[in-house]
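One structure below.
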């Protein structure tokens, strides 16, 4: 029968039981932890044990990667690249193109970030509980604190305690790294569908923040203020350059995904052909054309208005003079009554000063195209390559100088909701205009 222990010359056996640990300096304890030639260990484990551990986790993470790839493949197989799954009433955006959906998307992204942090913290908390309740390490830490109070009072760390601390630190870091990697894969796998699918998807159903305007300053502090001096060429160039960038695909169709080969000139009597899109002829808009510097050099700037893209949305236009809203501006009512009946399929646009003093300072306004809104033949949006959202240029002929003018532009259609509340701004957009001499 074999006996555990070391046999001495006199036939007795010596067992390592409660033997006093070898006294080591801190440097030697650290060096032996990195590599102990006597025991053949590296960081507390033999090469064989490290090899087995490495092979195990290589296979483990390979399986996790394979499962993640299968999930992604299955997800991508369900995505339609031409239309969203959730449209119109089924989508979170709904059927109203006027609201400022950028706030809703910001809130959604904040919620997603909070969910991500909560999941990671839960994984980390689970890891900490796992390490702290380990029977072996927990008992050794308490024993070390009880048996060597003198060293702690004197501020010295014994070699055995240092070695034991390094081992615990390695276990702690190893488990944390492992759980964070697994948690990251779990969170990524859970959040990936949010990037592509769901009723809140903005990839297909929204192109900009509500009823928007251009140009918008690149300086965050200016926000919705358009402020320039017509006598300062650099000031004029700042704003015309922003409009040039915004309209570059409208002016040069070769920049579109398919080079603009499927563009056609549309009108109210010529519907768009299948697979084609309507061109937006901004070059023919008189003082609001790019070659006229959009009127900025003449102290008569043009501001461009656009609607969100909502897949499949069809406007219900006010195409009869008998059912016009009571709050519609008189000038717009007069225009609608004067146009040919074939051109009534239009989302009308009107702009005015927000307050009484703004009404006095805003001056005369013209609209381009002369239809006074977004022609209905641009709708519905079907995600056809090369599609350009229709825009309306609002030309301020004689705005008061050296004064801030608050402007509200509104889109008029039966299925565009409007709210006059400044916190909502449904169906409208607000900006300020200031032209210095």
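Residue numbers (full-length UniProt numbering): 1 to 437. Beta carbons: idealized from backbone N, C-alpha and C, even for Gly. Since the model is a prediction, treat every value here as computed from it, not as a measurement.
Three-state secondary structure (DSSP) at residue 328? As a working mapping, residue 328 is identified with position 328 in the chain shown. Three-state result, residue 328: coil.
Sufficient close CB pairs (3 or more, under 8 Å) joining the region 272-283 to the region 222-242: By the C-beta criterion, the region 272-283 is judged not to be in contact with the region 222-242, since fewer than 3 inter-stretch pairs fall below 8 Å.
Does the separation of the CB atoms of residue 295 and residue 372 fall below 8 Å? Numbered from its first residue, the chain shown carries residue 295 at position 295. Numbered from its first residue, the chain shown carries residue 372 at position 372. Taking a C-beta distance under 8 Å as the contact criterion, residue 295 and residue 372 do not qualify as a contact pair.
Taking the beta strand (DSSP E) that residue 410 falls in, what are its first and last residues? Along the chain shown, one-based indexing puts residue 410 at 410. 405-412 is the extent of the beta strand (DSSP E) around residue 410.
According to DSSP, is residue 46 part of a helix, a strand, or is it coil? By 1-based counting over the chain shown, the position of residue 46 is 46. Collapsing the DSSP output to three states places residue 46 in a strand.
Let me know the secondary structure DSSP gives residue 108 once reduced to three states. Position 108 of the chain shown, counted from the start, is the residue given in the question as residue 108. For residue 108, the pLDDT reaches just 45, beneath the cut-off of 50, and the residue's location in the model is therefore unreliable, leaving the point undetermined.
Sequence-distant residues of the same chain with beta carbon closer than 6 Å to residue 325, five excluded per side: Stepping through the chain shown from its first residue, residue 325 is reached at position 325. Excluding sequence neighbours, residue 325 sits near nothing in its chain.
Take residue 299 and list the residues in its own chain whose beta-carbon comes closer than 6 Å to its own, dropping the five residues that flank it on each side. Locating residue 299 in the chain shown gives position 299, counting from the first residue. Apart from sequence neighbours up to five positions away, the residues of its chain that approach residue 299 with a beta-carbon distance below 6 Å are 230 and 435, ordered along the chain.
Using three-state DSSP, classify residue 318 as helix, strand or coil. The sequence position of residue 318 within the chain shown is 318, counting from 1. In the three-state scheme derived from DSSP, where H, G and I count as helix and E and B as strand, residue 318 is classed as coil.
Range of the contiguous beta strand (DSSP E) that encloses residue 416: The sequence position of residue 416 within the chain shown is 416, counting from 1. Residue 416 -> no beta strand (DSSP E), and no H or E assigned at all.
With contact counted as at least three CB pairs below 8 Å, one residue from each stretch, are the region 376-383 and the region 342-357 in contact? Enough Cβ pairs lie closer than 8 Å, so yes.
Do residue 249 and residue 243 have their C-beta atoms closer together than 8 Å? Mapped onto the chain shown, residue 249 falls at position 249. Mapped onto the chain shown, residue 243 falls at position 243. Residue 249 is not a Cβ neighbour of residue 243, given a cutoff of 8 Å.
Give the straight-line distance between the Cα atoms of residue 262 and residue 280, rounded to the nearest whole angstrom. The sequence position of residue 262 within the chain shown is 262, counting from 1. The sequence position of residue 280 within the chain shown is 280, counting from 1. Distance from the CA of residue 262 to the CA of residue 280, rounded to the nearest whole angstrom, comes to 13 Å.
First and last residue of the uninterrupted beta strand (DSSP E) at residue 352: By 1-based counting over the chain shown, the position of residue 352 is 352. Its beta strand (DSSP E) spans residues 346-353.
For residue 360, list the residues DSSP reports as bridge partners. For this step, residue 360 is matched to residue 360 along the chain shown. Residue 360 pairs with nothing; no bridge assigned.
Cut-off 7 Å between Cβ atoms - residues of its own chain near residue 297, not counting five sequence neighbours on either side: As a working note, residue 297 is residue 297 in the chain shown. Around residue 297, the same chain offers 230 and 236 as residues with beta carbons nearer than 7 Å, after the five sequence neighbours per side are excluded.
Comparing C-alpha positions only, which one of 335, 307, 314 and 308 sits nearest to residue 320? In the chain shown, residue 320 corresponds to position 320, counting from 1. Per the C-alpha coordinates, the member of 335, 307, 314 and 308 positioned closest to residue 320 is 335.
Name, in chain order, the residues that DSSP records as bridge partners for residue 263. Your numbering for residue 263 matches position 263 in the chain shown. Residue 263 is bridged to 277.
Euclidean distance between Cα positions of residue 306 and residue 314: For the purposes of this step, residue 306 is identified with residue 306 of the chain shown, where counting begins at 1. For the purposes of this step, residue 314 is identified with residue 314 of the chain shown, where counting begins at 1. So the two alpha carbons sit approximately 16 Å from each other.
Pull up the DSSP beta-bridge partners for residue 302, would you. Looking up residue 302 in the chain shown gives position 302. Per DSSP, 395.
Rounding to the nearest angstrom, what Cα-Cα distance links residue 89 and residue 96 in this structure? The sequence position of residue 89 within the chain shown is 89, counting from 1. The sequence position of residue 96 within the chain shown is 96, counting from 1. Those two C-alpha atoms are separated by around 10 Å.
Considering only residues of the same chain and omitting the five flanking positions on each side of residue 134, which have a CB-CB separation below 6 Å? Residue numbering aside, residue 134 sits at position 134 when the chain shown is read from its first letter. Because residue 134 carries a pLDDT of 47, less than 50, the predicted location of this residue cannot be relied on, and no value is offered for it.
With respect to the alpha helix (DSSP H) encompassing residue 241, which residues constitute its N-terminal and C-terminal limits? As a first step, residue 241 is located in the chain shown; it is residue number 241 there, counting from the start. Residues 233-246.
Assigned secondary structure, residue 270 (DSSP; H/G/I helix, E/B strand, else coil): Position 270 of the chain shown, counted from the first residue, corresponds to residue 270. Reduced to three states, the DSSP call for residue 270 is strand.
In its own chain, which residues sit with a C-beta less than 6 Å from the C-beta of residue 368, not counting the 5 before and 5 after it? Numbered from 1 along the chain shown, position 368 holds the residue referred to as residue 368. The answer, listed in chain order, is 285, 288 and 393.
Does the beta-carbon of residue 63 have 16 or more other beta-carbons within 10 angstroms, so that it is buried, or is it exposed? Start at 1 with the first residue of the chain shown, and residue 63 comes out as number 63. Exposed, by the Cβ-count rule.
Could you pull out every residue in the same chain whose Cβ sits closer than 6 Å to the Cβ of residue 46, ignoring the five residues on either side in sequence? Residue mapping note: residue 46 aligns to position 46 of the chain shown, counting from 1. Only residues of its own chain outside the window of five on either side were considered, and among them 40 have a CB closer than 6 Å to the CB of residue 46, listed in chain order.
Neighbourhood of residue 354 by C-beta distance below 6 Å, restricted to the same chain and skipping five residues each side: Residue mapping note: residue 354 aligns to position 354 of the chain shown, counting from 1. Contacts found: 406 and 408.
Do you know offhand how far residue 429's Cα is from residue 54's? Position 429 of the chain shown holds residue 429. Position 54 of the chain shown holds residue 54. A direct Cα-to-Cα measurement between residue 429 and residue 54 gives close to 60 Å.
CA-to-CA distance, residue 84 to residue 59, given in whole angstroms: As a working note, residue 59 is residue 59 in the chain shown. As a working note, residue 84 is residue 84 in the chain shown. If you draw a straight line from the Cα of residue 59 to the Cα of residue 84, it is about 38 Å long.
So what does DSSP say about residue 373, is it helix, strand or coil? Residue 373 sits at position 373 when you count from the first residue of the chain shown. Under the three-state reduction of DSSP output, residue 373 falls in the strand class.
In chain order, what residues of the same chain lie with their CB nearer than 7 Å to the CB of residue 48, ignoring the 5 residues before and after it? For the purposes of this step, residue 48 is taken as the residue at position 48 of the chain shown. Nothing listed; no residue qualifies.
Counting C-beta neighbours from all protein chains within 10 Å, is the total for residue 67 16 or more, i.e. buried, or is it exposed? Translated into the one-based positions of the chain shown, residue 67 becomes position 67. Exposed, by the Cβ-count rule.
Anyone know if the C-beta pair for residue 290 and residue 247 falls short of 8 Å? Against the chain shown, residue 290 aligns to sequence position 290. Against the chain shown, residue 247 aligns to sequence position 247. Contact flag set, yes.
For the alpha helix (DSSP H) containing residue 33, list its first residue and its last residue. Taking the first residue of the chain shown as 1, we reach residue 33 at position 33. Run containing residue 33: 26-34, per the alpha helix (DSSP H) assignment.
Which residue wins for smallest C-alpha separation from residue 357, given the options 267, 65, 258 and 399? Here residue 357 refers to the residue found at position 357 of the chain shown. The residue with the shortest Cα to Cα distance from residue 357 is 399.
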